[in-house]
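If you read the sequence shown in our numbering, its first letter stands for residue 57, the second for the next number, and so on.
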Amino acid sequence: MKEEVYSKEEAKHLKVGIYTAIIIALIAGVYVANKDTMAHKEDGKYYTVDARFNRTDGLLVGDQVRLAGVDIGRVVNAKLDDHFKAILTLDIKENVKIPDDSSASIVSAGLMGKKYIEIEPGGSMDYIPQGGEFSYTQDAMVLEELMDRIISIGKANRKNDKK
57 MKEEVYSKEE AKHLKVGIYT AIIIALIAGV YVANKDTMAH KEDGKYYTVD
107 ARFNRTDGLL VGDQVRLAGV DIGRVVNAKL DDHFKAILTL DIKENVKIPD
157 DSSASIVSAG LMGKKYIEIE PGGSMDYIPQ GGEFSYTQDA MVLEELMDRI
207 ISIGKANRKN DKK
């Protein structure tokens, strides 16, 4: 008993439908990926500050800047200085004033999560001005380096236990 699955016309319509669904999914993916960046510029006025880091592994232009877990801005530019340090330019919401003794750290949302900048506010009554720079920064922690440190500590402890 021979059973015909699809006629040529039905197969053609099925392919067109699948291709259309893939294209719509790709367009939706691009929209969702850029939604935060698009909303950033429409969402009020910003001022820029710089933060200088030795390494920014995994942090990209467009990633969030947070204070107390609340999104207050975005990374808008990244460049190298003359001493090969990364200078990140941050857009900060105009209504958020950051004390000039605050620190900026590159952290990740979970073990393998996306990186962002977390600002720890200082206690100064003076604020970082437009075009100013953070005095204190903490570089990104690289997972491989952390694992190497943990393994070397474990090996050292194992050697001490055998003595």
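Cβ atoms here follow ideal geometry from the backbone N, Cα and C, with glycine treated the same way.
By alpha-carbon positions, which one of the options ends up nearest to residue i?
| i | options | result |
| --- | --- | --- |
| F190 | S158, K211, N213 | S158 |
| N133 | A107, Q186, H69 | A107 |
| A89 | D119, I143, L136 | D119 |
| I154 | Y75, I175, E66, L136 | I175 |
| T145 | S208, G166, K135, A84 | K135 |
| T112 | L70, K141, G166, I79 | K141 |
| Q194 | I143, G188, Q186 | I143 |
| F109 | R205, H139, K64, I80 | H139 |
| Y192 | E201, P177, P185, V86 | P177 |
Between residue i and residue j, which are expected to be in contact by the criterion C-beta below 8 Å, what is the C-beta distance as a whole number of angstroms?
| i | j | result |
| --- | --- | --- |
| A196 | L115 | 6 Å |
| Y102 | G129 | 6 Å |
| D156 | Y183 | 6 Å |
| R122 | Y172 | 6 Å |
What's the call for residue i, buried or exposed, on a 16-neighbour Cβ count within 10 Å?
| i | result |
| --- | --- |
| K149 | buried |
| G179 | exposed |
| V72 | exposed |
| Y75 | exposed |
| V105 | buried |
| V131 | buried |
| D147 | buried |
For the pair the stretch 204-214 and the stretch 148-162, tell me if three or more CB-CB distances fall below 8 Å.
No, the stretch 204-214 is not in contact with the stretch 148-162.
Ignoring anything shorter than 4 residues, give me the alpha helix (DSSP H) runs that lie fully in the stretch 139-209, in order along the chain.
The stretch 139-209 contains no complete alpha helix (DSSP H) run of 4 or more residues.
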